[in-house]
Every structure is written in C-alpha cells, then in structure tokens.
Amino acid sequence: MRLENLTAGMPIPYGGDRVAVVDEALAAAFSLGDRLVVVQTTGDLLHIPASVHGMVTSAVDAAVAAFDRMGTVTDNQITRFFEAFADLIAGEDSFAPVAAANEADVASARERGRSVTRLVLSDTMRAGMVDGLRGWAKAPSGRNAVVETIDHPGWQVDLVQTGLGVVGFVFEGRPNVFADGAGVLRSGNTMVFRIGSDALGTAEAIVEHALDHALAASDLPPGAVSLVASPERSAGWALFSDRRLALAVARGSGPAVAQLGAVARQAGVPVSLHGTGGAWIVASEHADPDMFASVVVRSLDRKVCNTLNTCCVIASAADELVPRFLDALDEAGRRRGTVAKLHVAEGSEGMIPEPWFAPARIARAEGQVDEPRTEVLPVDRLGHEWEWEDSPEVSLVIVPDLATAVRLFNEQSPRFIASLVSTDEGEQQRFFDTIDAPFVGNGFTRWVDGQYALDRPELGLANWQSGRLLGRGGILSGDSVFTVRTRVTQTDQDISR
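If you want it as structure tokens, here you go:
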C-alpha cells in the first residue's frame, strides 16, 4: 500500500512512542508519487517531491553503474582526470563562465541578506582548487594496495585496500569543495554532489565548463562524479535516503547537517558529518602575553569552522591577559575593516571596561547593525557557535583553573578544536590527556585543515559531538574513503581444517 495523500491534522507516529502532526502546508504540497521521510529522532516531516526523487535516483543509478566499471579504470585515467580538471579551472577561457556564475550567485545572496563569506570564489580559493586537484593527480593510488600479508604454510592471506562505493556529498556554499570531494576517485570511488541553492549557479558552471570535460578527456565512466542540479533541500534528503550509498558526507551548518545525518542513519547509510564547529582557546597563567594576543588575532581572520569561538582565561592571569585579548579583538576587527563583537560569560563581565558595552556598528550579513559591542552570555551557552559575516564574534569566560576550562569544553563545546597557550610542557600534556577533542594545539586554531596541515584536500572536518570516530581521524579526505578486502592465495592443495 502506497502513501497517496496527506491531510492536515493527520498523526504520524515516530520514535516508537511519539506523534508528529501534518500541517496544512505539507498536506497541500504533497501529491501522489511524492515521498515523506519521518526523522525518527525529531519527528521532522520531510517532503520529497517525485520530480526531485527521480532526479536523485537517476544520479545514483549512474554513480552505481560507474562504480561497477571502476575496476577496469586505470590509475593513469584517474590521474588524467585530475590534471584536466585542474587545467580547466586554471585556464582563463574555461574559468571565465565559472567566475561570471559566481559573481551572479554572490550578488543574489547579498540581495537576500545571505552570508557570502564561503560563497565568493576568490583568486585564493581558485588557486587552492587547482593545487588540490594537482595534488590528487600526484597522489599515490590506494587501489589494490596490500595493507598486510599473513603467511601460513601452503597459503597466504592478503588484506587489500579497495574502493568503498558511491559517496553522497551534500554541502552548502563553498565552491572549492568540488576539488575536495572529487578526491574520492583517487581511491576508486564515485560521487554524487548536492550543493546549497546559493552556490548552485557556480556549481553548474564548474560541471559544464570543467568537470564534465575532465571526465570525457580521461574516459572515465559517465556518472563517476555528478551534481544533482536542484535548489531544493529535499534533494539532499532524497540522496541520503538512498540505501545504495556506501557513505553519506554532509558539510554545512550544524542543524542542517544533523538532520541529514539522521536521515542517512535511519536509511542504514554510514555517515561522516562536518557541521558544528568553532574553536576554543585557553590561556593559562603560564601563557606568553604576546603569543596569546597573536594567536587570537590569527584565529579570527575569517569565519569558518576552525575560527576561534570561545576563549577561556585563567583567573590568576586575567588582569594581564584580558586587556591583551581585547586589544587582539580590536586588531582582528581592524584587519577586516570592522568592529569585533564580544559575548562575556555571566560572572566575568567585571573584567571588561565599561566602554566595551556601548553601542557599535557591527557588520552583519544583512548590513551594518547598531547593537551593544559586548553582551553578557549565560555560562551554559559558551558552546554556541557565532556565525559572523565581517565583524569577528567571540565568547570570553574567566575560569579559576585549567581543569575548569577543560570541563566547560568537554560539556558544552562540539568537542572539535582546542588550543592551550602555555609555556609549561607538563600543563600542555595534561591538557592533551584530558581535553576531549580530535584537534589539539598550542597556538592559532586555523591550522585545522586537511590541505593546510596534511597536504590533502578534505571532504570535511569531523568533531566529536556525537562521540569519537571509529578507525580514522577527524579529517576525512578522498584517500581515506576505502574498505579492505581479504584475498587468499593457496599453494598447497592438501590444506584442510
């Protein structure tokens, strides 16, 4: 029996003991052939129109067929794909329509008051795409690599690395992730992309003027890398509901990523989620003041997931370090031509000079907004990630000791990036041993990036908000998407158990 329609007020059971209710808008929008996904953890009712479901299914069909052919594809073909893709992004003629599409996307987003910090395909981002693609061209292939050999009398066992399958990749507005995500080809996988509506024009131009040409030039199977060209959020739900995916990767805002992850998990698809971020910096009584100030400034150059979000200063050093922190915020704002925004935890506001609480012009996505430069924040909201546009925005709390800072991080943060500014080696070791984060350092936080730190473009950075990751680190890269097969070679015909 198929679901043919919905009516307003219809109860939809979920989670085993709860009920969601269909509203009038959903009932009116739902038609025969459409799909309804019920998120079992939240009761969200997700409507997938038949046309969107069909588009996604066709893309996955092609990706599955392409993966079936990847066993006959040579490593040289994959290398040629990356070289051709890089040449087309680097070429002025081939890149011109991509640049024009990106300018149109940026202008449209600004008109709608949307953030464009990740959307602008700058010269730096373009160069990074080219470098990343050339890096994949030079990277060794992990396909059919023997990970381990176990010898037995008359037979041996080889553990062989091989492609995982079809990867579904949903991301929001950063165009350079095409270079990041395409890296899964290097390890023998295929991929279906879905991008947010703000960057869809740019993505379509990259596919038309670079990606598809690179696939053809290298004679890779059609559908090896493809884009679901739909502005509908439901395209992401449809993609992550497809049980044929070997891995679902989501990158973007925290709530959207969490919802996509829930959709994939209940479909039985493994997930790698890269959403909620924000780094924490702790300054101890052993912090060098100049180092601390420099670290703060250099962790606030732009808003991405590895940007400083929350700073903890040990009380015994607060008289010296808090003024340096405020000076660093001023400098970070000046470097962006704006004024920084501060949120200070309740109980710590006495360390902030009164002028800092006066109104200021804060640069938001919708434009300049007059608001208090400093606001008091409940202590239990230190983990809130500030999504700022041009004005750096951070939280500050004064804590009695390092153990308290670690506890606050472990309890409230997404357990992502932590940095301790301290010259005491023993303190650094205690910090590493007790902080529950996959990325730990002693300086600026913006080093957490696959290409910057490991020379490998990343699909995304994973936090530990939902627990530690099994069998891999927090950086998901194209060459870390694989499985291991077991192959036996028997030389003695008389072997038996």
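Sequential numbering from 635 applies to the sequence shown in the numbering used here. Idealized CB from N, CA, C, for every residue including glycine. This one's a predicted model, so the numbers in the text were calculated from it and none came from an experiment.
Could you please give the first and the last residue of the uninterrupted alpha helix (DSSP H) stretch that includes I712?
One-based indexing of the sequence shown puts residue 712 at position 78. Its alpha helix (DSSP H) spans residues 709-724.
Have a look at A997, T783, G911 and flag the residue whose alpha-carbon is nearest the alpha-carbon of L942.
Your numbering for residue 942 matches position 308 in the sequence shown. Nearest neighbour of L942 by Cα position, chosen from A997, T783, G911, turns out to be G911.
Of all the options M704, A992, G650, R808, which has the alpha carbon lying nearest to the alpha carbon of R885?
In the sequence shown, residue 885 corresponds to position 251, counting from 1. The residue from M704, A992, G650, R808 with its alpha-carbon nearest to that of R885 is R808.
Look at the alpha carbon of P774 and the alpha carbon of V764, and state the distance between them as a whole number of angstroms.
Position 140 of the sequence shown, counted from the first residue, corresponds to residue 774. Position 130 of the sequence shown, counted from the first residue, corresponds to residue 764. C-alpha of P774 to C-alpha of V764: approximately 18 angstroms in a straight line.
Host beta strand (DSSP E) of D792 (start-end):
Here residue 792 refers to the residue found at position 158 when the sequence shown is read from its first residue. Looking at the DSSP string, the run of the beta strand (DSSP E) that includes D792 is 789-797.
Would you identify the three-state DSSP class for K937, choosing helix, strand or coil?
Translated into positions along the sequence shown, residue 937 becomes position 303. It is coil, neither helix nor strand.
Per DSSP, what kind of secondary structure is T972 in: helix, strand or coil?
Translated into the one-based positions of the sequence shown, residue 972 becomes position 338. Here T972 sits in coil by DSSP.
Select from V929, H920, D721, R760 the residue whose C-alpha is nearest the C-alpha of D1058.
Here residue 1058 refers to the residue found at position 424 of the sequence shown. Nearest of V929, H920, D721, R760 to D1058, Cα basis: H920.
Report all residues from its chain with a CB closer than 6 angstroms to the CB of G598; omit the five preceding and five following residues, and keep chain order.
Only positions 635 to 1131 of the chain appear in this structure, which leaves residue 598 out of reach.
Here's the rule I'm using: 16 or more other beta-carbon atoms within 10 Å means buried, otherwise exposed. How should R643 be labelled?
For this step, residue 643 is matched to residue 9 along the sequence shown. The displayed chain sequence assigns Gly, not Arg, to residue 643. Counting C-beta atoms within 10 angstroms of its own C-beta, G643 has fewer than 16 neighbours from the protein chains shown and is therefore classed as exposed.
Whole alpha helix (DSSP H) runs in the segment 1031-1094 with 4 or more residues, listed along the chain?
For the segment 1031-1094, whole alpha helix (DSSP H) runs of length 4 or above, ordered along the chain, are 1036-1046, 1059-1068, 1084-1088.
Give the C-beta separation of G967 and P1006 to the nearest angstrom, bearing in mind that I take them to be a contact with Cβ-Cβ under 8 angstroms.
Residue numbering aside, residue 967 sits at position 333 when the sequence shown is read from its first letter. Residue numbering aside, residue 1006 sits at position 372 when the sequence shown is read from its first letter. 15 angstroms between Cβ atoms; not a contact.
Provide the residue span of the alpha helix (DSSP H) that contains E658, from first to last.
As a first step, residue 658 is located in the sequence shown; it is residue number 24 there, counting from the start. First-last of the alpha helix (DSSP H) with E658: 658-663.
Of the listed residues G650, L1093, I996, V930, nearest to A1052 (C-alpha basis):
Your numbering for residue 1052 matches position 418 in the sequence shown. Measuring C-alpha to C-alpha distances from A1052 to each of G650, L1093, I996, V930 identifies V930 as the nearest.
Roughly how many angstroms separate the alpha carbons of T1123 and W789, rounded to a whole number?
As a position in the sequence shown, residue 1123 is number 489, starting the count at 1. As a position in the sequence shown, residue 789 is number 155, starting the count at 1. Going from the Cα of T1123 to the Cα of W789 covers about 6 angstroms.
Which same chain residues, not among the five before or five after D1004, have their C-beta less than 7 angstroms away from its C-beta?
Here residue 1004 refers to the residue found at position 370 of the sequence shown. P993, R995, listed in sequence order.
Measure the alpha-carbon distance for L755 versus P731 and round it to whole angstroms.
Your numbering for residue 755 matches position 121 in the sequence shown. Your numbering for residue 731 matches position 97 in the sequence shown. One Cα belongs to L755, the other to P731, and the distance between them is close to 12 angstroms.
Check for me: the alpha helix (DSSP H) holding L849 runs from which residue to which?
In the sequence shown, counting from the first residue as 1, residue 849 sits at position 215. From DSSP, the alpha helix (DSSP H) with L849 extends over 846-851.
Within 10 angstroms of the Cβ of L845, are there 16 or more other Cβ atoms? Answer buried if so, exposed if not.
Position 211 of the sequence shown, counted from the first residue, corresponds to residue 845. So L845 ends up on the buried side.
Exposed or buried, what is P855 when buried is set at 16 or more other beta-carbons lying within 10 Å of its beta-carbon?
The residue you call residue 855 lines up with position 221 of the sequence shown. The residue in question, P855, is buried, as its Cβ has 16 or more Cβ neighbours within 10 Å.
For D1024, the three-state DSSP class (helix, strand or coil)
By one-based count along the sequence shown, residue 1024 stands at place 390. DSSP, reduced to helix, strand and coil, places D1024 outside both helices and strands of the structure shown, so it counts as coil.
State the start and end residues of the unbroken beta strand (DSSP E) segment that holds I840.
For this step, residue 840 is matched to residue 206 along the sequence shown. Note, I840: premise wrong, no beta strand (DSSP E); alpha helix (DSSP H) at 834-840.
Within a Cβ cutoff of 6 angstroms, which residues of the same chain sit near F1065, ignoring the five residues on either side of it in sequence?
Translated into the one-based positions of the sequence shown, residue 1065 becomes position 431. The residues are L1054.
Is the Cβ-Cβ distance between V903 and R877 less than 9 angstroms?
Here the question's residue 903 lines up with position 269 in the sequence shown. Here the question's residue 877 lines up with position 243 in the sequence shown. Yes, Cβ-Cβ distance for V903 and R877 is below 9 angstroms.
As a quick exercise: from D657, R703, R669, G817, pick the residue whose alpha carbon is nearest that of L1093.
If you number the sequence shown from 1, residue 1093 lands on position 459. Here the closest residue by C-alpha is G817.
In whole angstroms, what is the alpha-carbon distance linking R936 and S887?
Walking along the sequence shown from the start, residue 936 turns up at place 302. Walking along the sequence shown from the start, residue 887 turns up at place 253. Linking R936 to S887 through their CA atoms gives a straight-line distance of about 16 angstroms.
Please return the same chain residues whose Cβ sits closer than 7 angstroms to the Cβ of L1103, not counting the five positions on each side in sequence.
Counting from one through the sequence shown, the residue named residue 1103 turns up at place 469. Setting aside the 5 residues that flank it on each side, L1103 is surrounded in the same chain by A1096, each with a C-beta closer than 7 angstroms to its C-beta; the list follows chain order.
DSSP three-state call for M644: helix, strand or coil?
The residue given as residue 644 occupies position 10 in the sequence shown. Residue state, collapsed to three classes: coil.
According to DSSP, residues forming a beta bridge with G1001
The sequence position of residue 1001 within the sequence shown is 367, counting from 1. R998.
Given a cut-off of 9 angstroms, decide if A696 and G857 are closer than it, judged by their beta-carbon atoms.
By 1-based counting over the sequence shown, the position of residue 857 is 223. By 1-based counting over the sequence shown, the position of residue 696 is 62. Their beta carbons are under 9 angstroms apart, which means G857 touches A696 by this criterion.
Inter-residue Cα distance where the pair is I948 and R998:
Position 314 of the sequence shown, counting from 1, holds the residue named residue 948. Position 364 of the sequence shown, counting from 1, holds the residue named residue 998. Taking the straight line joining both Cα atoms gives about 31 angstroms.
Does the Cβ of P683 have 16 or more other Cβ atoms within 10 Å, making it buried, or fewer, making it exposed?
Here residue 683 corresponds to residue number 49 of the sequence shown, with the count starting at 1. P683 is buried by the Cβ-count criterion.
Which of helix, strand or coil does DSSP assign to T676?
For the purposes of this step, residue 676 is identified with residue 42 of the sequence shown, where counting begins at 1. Assignment of T676 by DSSP, reduced to helix, strand and coil, places it in the coil class.
Using the beta-carbon count (16 or more within 10 Å), is T1068 buried or exposed?
One-based indexing of the sequence shown puts residue 1068 at position 434. Answer is exposed; the Cβ neighbour count stays below 16.
Compare the Cα-Cα distances from I1129 to each of H786, S928, S1114 and report the closest residue.
Residue 1129 sits at position 495 when you count from the first residue of the sequence shown. The shortest Cα separation from I1129 among H786, S928, S1114 belongs to H786.
C-alpha gap between V686 and T1008, whole angstroms:
Within the sequence shown, the letter at position 52 stands for residue 686. Within the sequence shown, the letter at position 374 stands for residue 1008. Cα-Cα distance, rounded: 45 angstroms.
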